[in-house]
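Taking it in order: structure first as structure tokens, then the write-up.
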Amino acid sequence: MGRVLPVYDTVILERIGSQIMASERLTITLTPELLDFVREQTAGGDYNSDSEVIRDGLRLLKERDKAVRQWLAEEVVPAYLQYKANPGTAMTREQIEEKLNRERRKRRGNKTGPTG
10 MGRVLPVYDT
20 VILERIGSQI
30 MASERLTITL
40 TPELLDFVRE
50 QTAGGDYNSD
60 SEVIRDGLRL
70 LKERDKAVRQ
80 WLAEEVVPAY
90 LQYKANPGTA
100 MTREQIEEKL
110 NRERRKRRGN
120 KTGPTG
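Taking this note's numbering, the leading residue of the sequence shown gets 10, the next gets one more, and so forth.
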């Protein structure tokens, strides 16, 4: 069982930029590894409190999830719909790998050899 971060029953105010947001206290249980990571972040001076570490992690998770949803909506769904409309345009795994390798070589400026 993980250890529990200390919590308090009061509502705090947190300043984020020019915004002031009311925050509620929440009790969470972490594995020993995660708790050690949180404590390392505060001990190293990167964060002032355990709560800051957790909030920053949640913000990053929210940003990542938003980026994944955007990628799905803007790239994956249109590609799937295009494939469904014209299955003959689909590429094999080998064709995809070859195309990706060519693009990697082009980015590196090395246009010779299969491994770049």
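Ideal Cβ placement from N, Cα and C applies to all residues, glycine included. The model shown is predicted, which means the values in this text are computed figures rather than measured ones.
- Straight-line measurement puts the Cα of residue 63 at about 10 Å from the Cα of residue 70.
- Short of 7 Å from the beta carbon of residue 68, and not among the five residues preceding or following it, lies no beta carbon of its own chain.
- One thing to note: residue 59 has its Cβ within 7 Å of the Cβ of residue 47.
- DSSP, read as helix, strand or coil, puts residue 56 in coil.
- Under the three-state reduction of DSSP output, residue 110 falls in the helix class.
- Residues of the same chain with a CB within less than 8 Å of the CB of residue 98, apart from the 5 flanking positions on each side, are 91, 92 in chain order.
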